[in-house]
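Numbering (the UniProt record's numbering), first residue to last: 1 to 254. Note that beta-carbon positions come from the ideal geometry of N, C-alpha and C, so glycine has one too. Notes for the one structure printed next.
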Amino acid sequence: MKSRKLDGYQIMDIAIKAGAIMLENGAETYRVEDTIHHILKLYPHSESSSFVVATGIIVTLYEKEKQPLTVVKRIRRRNVNLNMIYKVNSLSRKLCAKEMTLDEAQQQLRFLHFEKQYGAILNAVGVFGVSSSFTVLVGGTLLDAVFTLFIGCFLAILLVGLEATKITKFFRTLLSAAMVTILARIFADLFPINLHDDQMIIGSIMPLLPGMVFTNAIRDILYGDYTAGLARMTEAVLIAAAVALGVGIGIFIG
Numbered sequence: 001m002k003s004r005k006l007d008g009y010q011i012m013d014i015a016i017k018a019g020a021i022m023l024e025n026g027a028e029t030y031r032v033e034d035t036i037h038h039i040l041k042l043y044p045h046s047e048s049s050s051f052v053v054a055t056g057i058i059v060t061l062y063e064k065e066k067q068p069l070t071v072v073k074r075i076r077r078r079n080v081n082l083n084m085i086y087k088v089n090s091l092s093r094k095l096c097a098k099e100m101t102l103d104e105a106q107q108q109l110r111f112l113h114f115e116k117q118y119g120a121i122l123n124a125v126g127v128f129g130v131s132s133s134f135t136v137l138v139g140g141t142l143l144d145a146v147f148t149l150f151i152g153c154f155l156a157i158l159l160v161g162l163e164a165t166k167i168t169k170f171f172r173t174l175l176s177a178a179m180v181t182i183l184a185r186i187f188a189d190l191f192p193i194n195l196h197d198d199q200m201i202i203g204s205i206m207p208l209l210p211g212m213v214f215t216n217a218i219r220d221i222l223y224g225d226y227t228a229g230l231a232r233m234t235e236a237v238l239i240a241a242a243v244a245l246g247v248g249i250g251i252f253i254g
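The structure is reproduced here in structure tokens:
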């Protein structure tokens, strides 16, 4: 890192952006707080404190003989992208090891904020790949997996379309689960072959299940972050309830 006077505002901006990107992409709250703490330690003769929950970050930087600097960041979108968490962690380590400047860190974080890891086509491949694979794993036949492939393709398109709307995640999940269930029932009724709609439904809803959210909730609770852990646990339960309700509605309609 080039020698120049460190700017508390710039370091705070880097810490907040790094924490926000990590939280938006599924990082645990203790990991976010740890990253923020290590970045703010770069500012000499100061102390810092941070409070992170699933929907927001509050950070205060205390400097001797100066007013404390406090920043509040609201987190409105959440996703799961472990590679993005790894990239921010790597950036944080390089910055703390003085292998990059503050300006370089800001520029990279700005790039990461707008970076999309996978395109729509690759995301779609992942969705219907997971769906058809789990259909076989839960006891479905190869024929069931082939039809689930089409259901997964429909689900991928539906998720992209719903993501562009302002519908909450609960109702997006409910609608998606209901639609794939109806489609599985239609396939089983229309085609005079031995299709198992129950295995097709189970495989199709797998991309909707909140496995990562539930895991992070448990980890946050084990690390003593009860507020964030219970918030994530509530989110996981609501998503699971939306899937169950959507499947029930789909079976009733289909």
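Three-pair Cβ contact test at 8 Å for the region 187-205 versus the region 124-134 = yes
Quick one: Cα of ALA156 to Cα of ASN123, how far?
-> 7 Å
Roughly how many angstroms lie between the CA atoms of TYR62 and ALA20, to the nearest whole one?
-> 21 Å
Determine the direct distance from the alpha carbon of GLY250 to that of ARG74, and round the result to whole angstroms.
-> 35 Å
Do the CB positions of LEU238 and PHE170 come within less than 7 Å of each other?
-> yes
Contact set for LEU142: own chain, Cβ-Cβ below 8 Å, skip 5 residues either direction = VAL136
Return the chain-ordered list of same chain residues with a C-beta closer than 6 Å to the C-beta of ALA54, the five sequence neighbours on each side being excluded.
-> ALA228, ALA231, ARG232
Close Cβ partners of LYS94 (< 7 Å) along its chain, the five nearest in sequence each way excluded = MET100
Alpha carbon to alpha carbon, how far is GLY129 from GLY152?
-> 7 Å
For ALA174, count neighbouring Cβ atoms within 10 angstroms of its own Cβ and tell me buried if that reaches 16, exposed if not.
-> It is worth fixing the name first, because residue 174 is Leu in this sequence and not Ala. With 16 or more Cβ atoms within 10 Å of its Cβ, LEU174 is classed as buried.
For ILE58, which residues does DSSP report across the bridge?
-> PHE51, VAL72
To the nearest angstrom, how far is it from the Cα of ASN242 to the Cα of MET212?
-> Note that residue 242 corresponds to Ala in the displayed sequence, not to Asn. Those two C-alpha atoms are separated by around 16 Å.
Would you kindly work out how many angstroms separate the C-alpha atoms of ALA120 and THR165, rounded to a whole number?
-> 16 Å
Kindly indicate which three-state DSSP category GLU63 falls into: helix, strand or coil?
-> strand
In or out: GLU28 buried (at least 16 other Cβ within 10 Å) or exposed?
-> buried
Please classify LEU23: is it buried, with 16 or more other beta-carbons within 10 angstroms of its beta-carbon, or exposed?
-> buried
Kindly provide the ranges of any alpha helix (DSSP H) runs that are 4 or more residues long and lie completely inside the region 105-193, ordered along the chain.
-> 120-137, 142-163, 169-190
Inspect the beta-carbon positions of VAL59 and SER46 and report whether they are closer than 7 Å.
-> no
When DSSP builds the beta bridges, which residues end up paired with SER92?
-> None, per the DSSP bridge assignment.
Is the CB-CB distance between GLN106 and LEU91 below 7 Å?
-> no
Would a C-beta distance cut-off of 7 Å place residue 256 and VAL71 closer than the cut-off?
-> Examination of residue 256 is not possible in this model, given that the chain is present from 1 through 254 alone.
Of the residues ILE201, CYS96, VAL180, SER48, which one's Cα is nearest the Cα of LEU158?
-> VAL180
Residue burial classification, VAL32 (beta-carbon count within 10 angstroms, cutoff 16) | buried
Could you check how far apart the C-beta atoms of THR148 and MET200 are, in whole angstroms? I think they sit under 8 Å.
-> 5 Å
Using only alpha-carbon positions, find the residue among PRO68, ALA97, LYS116, SER48 that is nearest to VAL80.
-> LYS116
If PRO210 and ALA240 are in contact, beta carbons under 8 Å, what's the gap, nearest whole angstrom?
-> 6 Å
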